[in-house]
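*Asks:* Structure in C-alpha cells, see below.
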Amino acid sequence: MQLFEITGGNRLRGTVPISGAKNAALPIMAAAMMVEGETVLRNVPDLVDVRQMQELLAALGVRCERDSEGTMRLRVEDEHNTHAEYKLVSKMRASVCVMGPLLAKRRRAQVSMPGGCAIGDRPIDMHINGLRALGADYELVGGDVLLRAKGLKGAEVFLGGPFGSSVTATANVLMAAVLAEGRTLIECAACEPEIVDLADFLNACGARIKGQGTPQLTIEGVKSLEGTEHRVIPDRIEAGTFMMAAAITNGDLELEGARLDHMRAVVDRLRSVGVIVEQAEKGAAVSSSRRLEPVQITTQPYPGYPTDLQAQSMALLSLADGNSIITEKIFPDRFLHVAELNRMGARLHKQGPTVIVEGVKRFVGADVMASDLRASAALVLAGLIAKGTTRVHRVYHIDRGYEHIESKLTAVGAKIRRLAE
Ligand code: EPU
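This note's numbering numbers the first residue of the sequence shown as 194 and each following residue consecutively.
Encoded structure:
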C-alpha cells in the first residue's frame, strides 16, 4: 500500500491540465459494447477505475486499449459472455453500467449486485425498475441481478428516487432504450453533464436521443449503432478539487480545459466565500488572497452542488472566518472524512446529514486514513495547508479518480510525495 506525505504551507501557482471526466468515460466505455465497428475515445483519463472497466469489458469480449495520450480504442470481438462477475463488479460500482448495454445488445445481463460502499448503501432498484419497464424479466440469482428480454420495447420510465434522480440508472435505461423498439420517454432523468456526454456519444453512433441535459429524455429506438470518434468532457470534480486547492493555499491556478458552464453551483459558492473564479482563455482562473467567509452548502442533483465535492468543500470551509453549514442530500452517510479532518484540527459537528463547520485558524499535520475517493481528496487539501507533515494513508482510493494528482500538485508548488507504507 502507498501513502502521500505532504508538507503543508506552500501557495499553489501555475497551470493544471484538467483530465477527462471519469464519470463520463466509464459509461461511454460500457456503451461501446453496443456499437458495431471501432469506437475511438479521446481524453480518457489514466485511472484505476478506467483500468477496472477495461478489465471488465475484456471479460465481456471487448478489446479495449488506451495509449499514453489518452486515446482509447474499443471493439467488440466476442458477444458470448453476458455475466459481469462479483470479483470484478465488487471492485468498482460503476461496473453496473454494463447492465443496460448487455441487455440491449446481447438480450441478457447477469451483473453481480454491487452492494454498499464507504459512502453508504447504494441500491440499484431504479436501474432494475427502469429496465423492467422496457420489457426485461428480472430475477435475483445467487447475488446476481439477472435480466433477460427477447426484445426491448420503448416505454415511459420514471427515474425519480428518494434522493432525486440517479445518474447511472439514467445511463443504463438510456443505453438500453437506444436499441429498444419504438419510443422511450425517461422522466426525472439525471441532467448531469456526464449524461449529456453519453447521449452525445450515442447520437454520434446513430442513436436518436433528445432532451439530454433536461429531466425529460426522449429516445427513438434504432436497429444498430456504428463506431465513432468522441472526446470525453473535462472532469468537473477534478477541476472543482483544484479550485479548492488554489483557494485553501491562497494560491493562483489556471485550470486548463475546465468548463465553468458545468460548474455554476460550485463557482457561485466559491465566489460567495471570497474566492476569485474567472473564465480564462484556456479554462478557468482561480485565486484567493484573504480569509474566506462562511457559507451554506447543500448537495443536490445537477445543476445543484455536487456531492462529489462535499468533502473537499468541508476542508476548505474549515478555515473560513465563522461557521458554515454543509448538508448532504444525495448520500446522507457520506461523512467518513469528518473524523479524519477533526484529527487535523478541524471542528466539525455532525448532526444527521448536516455538518456544522466551525471555522478554525489552521490545520495541523497528522496521520490520516483515506476512506473513499473524494474524502481522500479532502485530506490532501487539508494537508496542503496544514502546519507540519500530513500522511494520507491508503491512497489507492484517490488513484481511482484523480489522474496523476501528486505530479499535478507538485508542478504548481505543492510538497507531496508518494511513499510505500
Ligand atoms: N439511488 C437509489 N436507487 C437506485 C439508484 C440510486 O435509491 O437504484 C439513490 C442513491 O442511493 C443516492 C441517489 O439515488 O442516494 C443518487 O445516486 P446515483 O444513482 O445518482 O449515484 P450513482 O449513479 O451510483 C454517480 C457517480 C458518483 C456520484 C453520484 C451522484 C458515476 C460512476 N458515479 O453514482 O460518483 O457521487 O452519481 O452524483 O457516475 C465519485 O465519482 O466519487 C462518485 C461516487
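Beta carbons: idealized from backbone N, C-alpha and C, even for Gly.
Just so you know, these numbers come straight off a predicted model, no measurement behind them.
1) So what's leucine 572 in DSSP terms, helix, strand or just coil?
2) Taking one C-beta from the segment 318-327 and one from the segment 349-358 each time, how about it: are there three or more such pairs within less than 8 Å?
3) Ligand 1 and valine 360: does any heavy atom of the ligand fall closer than 7 Å to the residue's C-beta?
4) Three-state secondary structure (DSSP) at isoleucine 426?
5) At a cut of 8 Å, does the segment 380-389 reach the segment 330-339 through at least three beta carbon pairs?
6) Is any heavy atom in ligand 1 found nearer than 7 Å to the beta carbon of glutamate 387?
7) Using DSSP bridges, identify the partner residues of glutamate 258.
8) Do you know offhand how far aspartate 526's Cα is from alanine 397's?
9) Where does the unbroken beta strand (DSSP E) through alanine 400 begin, and where does it stop?
10) Do arginine 610 and threonine 442 come within 8 Å of each other at the CB atom, strictly closer than that value?
11) Could you give the distance in angstroms between the alpha-carbon of alanine 369 and the alpha-carbon of leucine 249?
12) Counting along the chain, where does the alpha helix (DSSP H) carrying lysine 601 start and finish?
13) Could you give the distance in angstroms between the alpha-carbon of glutamate 387 and the alpha-carbon of arginine 376?
14) Would the C-beta of lysine 215 count as close to ligand 1, meaning under 7 Å from any of its heavy atoms?
15) Would you say histidine 320 touches ligand 1, meaning its beta carbon is less than 7 Å from a heavy atom?
16) Round the Cβ separation of glycine 433 and valine 459 to the nearest angstrom and send it over; I've been treating them as touching at under 8 Å.
17) Look up isoleucine 609 in the DSSP assignment and say whether it is helix, strand or coil.
18) Taking three-plus beta-carbon pairs below 8 Å as touching, is the segment 231-238 in contact with the segment 602-609?
19) Would you mind stating whether threonine 492 and threonine 200 have Cβ atoms separated by less than 8 Å?
20) On a Cα-Cα basis, can you pick out the residue from Ala532, Pro496 and Arg300 that is closest to glutamate 407?
21) If you compare alpha carbons, which of Thr421, Phe356, Val304 and Lys280 is closest to asparagine 365?
22) Apart from the five residues just before and just after arginine 462, which ones in its own chain have a Cβ nearer than 7 Å to its Cβ?
23) I need the boundaries of the alpha helix (DSSP H) containing histidine 530, first residue and last residue.
24) Using alpha carbons as the reference points, say which of Val548, Met537, Ile549 and Leu577 lies closest to alanine 559.
25) For glycine 213, which of Gln195, Cys290, Pro238 and Ala225 has the nearest alpha-carbon?
26) Give me the Cα-Cα distance between glutamine 503 and lysine 280, rounded to the nearest whole angstrom.
*Replies:* In short:
1) Here residue 572 refers to the residue found at position 379 when the sequence shown is read from its first residue. Assignment of leucine 572 by DSSP, reduced to helix, strand and coil, places it in the helix class.
2) Output reads yes: the segment 349-358 touches the segment 318-327.
3) Within the sequence shown, residue 360 is the residue found at index 167, counting from 1. When distances are taken from the beta-carbon of valine 360 to the heavy atoms of ligand 1, the shortest one is below 7 Å.
4) Position 233 of the sequence shown, counted from the start, is the residue given in the question as residue 426. In the three-state scheme derived from DSSP, where H, G and I count as helix and E and B as strand, isoleucine 426 is classed as coil.
5) With a cut-off of 8 Å on Cβ pairs, the segment 380-389 is not in contact with the segment 330-339, counting fewer than three such pairs.
6) As a first step, residue 387 must be located in the sequence shown, where it is residue number 194. Glutamate 387: yes, Cβ under 7 Å from ligand 1.
7) As a first step, residue 258 is located in the sequence shown; it is residue number 65 there, counting from the start. Answer is Arg266, bridged to glutamate 258.
8) Working through the sequence shown from its first residue, we reach residue 526 at position 333. Working through the sequence shown from its first residue, we reach residue 397 at position 204. Roughly 38 Å separates the two Cα atoms.
9) Within the sequence shown, the letter at position 207 stands for residue 400. Counting along the chain, no beta strand (DSSP E) covers alanine 400, and no H or E run does either.
10) By 1-based counting over the sequence shown, the position of residue 442 is 249. By 1-based counting over the sequence shown, the position of residue 610 is 417. Against a cut-off of 8 Å, the Cβ pair of arginine 610 and threonine 442 comes out as no contact.
11) In the sequence shown, residue 369 corresponds to position 176, counting from 1. In the sequence shown, residue 249 corresponds to position 56, counting from 1. Going from the Cα of alanine 369 to the Cα of leucine 249 covers about 19 Å.
12) For this step, residue 601 is matched to residue 408 along the sequence shown. Start and end: 598-604.
13) By one-based count along the sequence shown, residue 387 stands at place 194. By one-based count along the sequence shown, residue 376 stands at place 183. Pairing glutamate 387 with arginine 376, the inter-Cα distance amounts to about 22 Å.
14) On the sequence shown, position 22 is the one that residue 215 refers to. Correct: lysine 215 has its Cβ closer than 7 Å to ligand 1.
15) Position 127 of the sequence shown, counted from the start, is the residue given in the question as residue 320. Yes, the Cβ of histidine 320 comes within 7 Å of a heavy atom of ligand 1.
16) Locating residue 433 in the sequence shown gives position 240, where the first residue counts as 1. Locating residue 459 in the sequence shown gives position 266, where the first residue counts as 1. About 5 Å; that satisfies the 8 Å criterion.
17) Within the sequence shown, the letter at position 416 stands for residue 609. Assigned with DSSP and collapsed to three states, isoleucine 609 falls in strand.
18) Contact annotation: the segment 231-238 does not touch the segment 602-609, with fewer than three C-beta pairs closer than 8 Å.
19) Within the sequence shown, numbered from 1, the residue matching residue 492 stands at position 299. Within the sequence shown, numbered from 1, the residue matching residue 200 stands at position 7. No.
20) As a first step, residue 407 must be located in the sequence shown, where it is residue number 214. Inspection of the sequence shows that residue 407 is occupied by threonine rather than by glutamate. Of Ala532, Pro496 and Arg300, the residue nearest in Cα terms is Pro496.
21) Mapped onto the sequence shown, residue 365 falls at position 172. Nearest C-alpha to asparagine 365: Val304.
22) By one-based count along the sequence shown, residue 462 stands at place 269. So the qualifying residues of the chain are Val488, Ile490 and Tyr498.
23) Taking the sequence shown and counting its residues from 1, one reaches residue 530 at position 337. Unbroken alpha helix (DSSP H) run through histidine 530: 530-536.
24) Within the sequence shown, residue 559 is the residue found at index 366, counting from 1. Measuring from the Cα of alanine 559, the nearest candidate turns out to be Met537.
25) If you number the sequence shown from 1, residue 213 lands on position 20. Looking at the Cα atoms, Pro238 is the closest of the given residues.
26) In the sequence shown, counting from the first residue as 1, residue 503 sits at position 310. In the sequence shown, counting from the first residue as 1, residue 280 sits at position 87. If you draw a straight line from the Cα of glutamine 503 to the Cα of lysine 280, it comes to about 30 Å.
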